[in-house]
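Take any residue in the sequence shown, note its place counting from 1, add 120, and you have its number in the working numbering.
We put the beta carbon where it would ideally sit given N, CA and C, even for glycine.
The structure under discussion appears below in the form of structure tokens.
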Amino acid sequence: MAPRHDDLFWSVALMSLPQLIDRAAAVATVLAELDVHRNERVLIMLPDGPGFDESFAGAVHQGAVPLPVSPQLRAHDLAGSAVAAGARLVLASPDQLPALVELDAEPAILINGPHGPWAAALRLR
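Here you go:
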């Protein structure tokens, strides 16, 4: 596949704008199933790359307010950020879940992509 001007590049992936739109719509569907409403804040705790962009665009598609936070935050700091921002949902990578067990959250929902789960959604209480 030859790159075009509307393609997005990462070190491991190439995604066209139509692919990003499709994947963002899929994320928006998951957020709707998790009862995320318009103007609700969603913390995105993912590294740069396709998953971050899909999550950010999916939150916007759903009408939510995406708030990027560092994937290196500890659970205590993340909880403080969530309270300060008024967020009730965190999107994180599945490998971050063990570090987030301190959060008062419902069980994580995995978001699947073409190559398996790439994000976990945690609804904060």
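Between the Cα of residue i and those of the options, spot the shortest distance and give me the residue it belongs to.
i       : options                               : result
Arg-143 : Ala-219, Ala-239, Leu-244 and Pro-218 : Ala-239
Leu-140 : Ala-207, Leu-187, Leu-193 and Ser-175 : Ser-175
Asn-159 : Asp-173, Met-135, Ala-184 and Gly-206 : Ala-184
Just curious, the beta strand (DSSP E) that residue i is in, first and last residue?
i       : result
Leu-187 : 185 to 188
Ala-177 : Ala-177 -> not in any beta strand (DSSP E); alpha helix (DSSP H) instead, spanning 170 to 182.
Val-162 : 161 to 165
Kindly indicate the opening and closing residues of the alpha helix (DSSP H) around residue i.
i       : result
Val-210 : Here Val-210 belongs to no alpha helix (DSSP H); instead the beta strand (DSSP E) covers 209 to 212.
Pro-138 : 137 to 153
Leu-217 : Note, Leu-217: premise wrong, no alpha helix (DSSP H); not H, not E.
Gly-200 : 195 to 205
Contact check, residue i vs residue j under 8 Å by CB: the rounded distance?
i       : j       : result
Ala-228 : Leu-244 : About 11 Å; that fails the 8 Å criterion.
Ala-179 : Val-203 : Incorrect: roughly 19 Å between the Cβ atoms, too far for contact.
Glu-226 : Leu-242 : 7 Å
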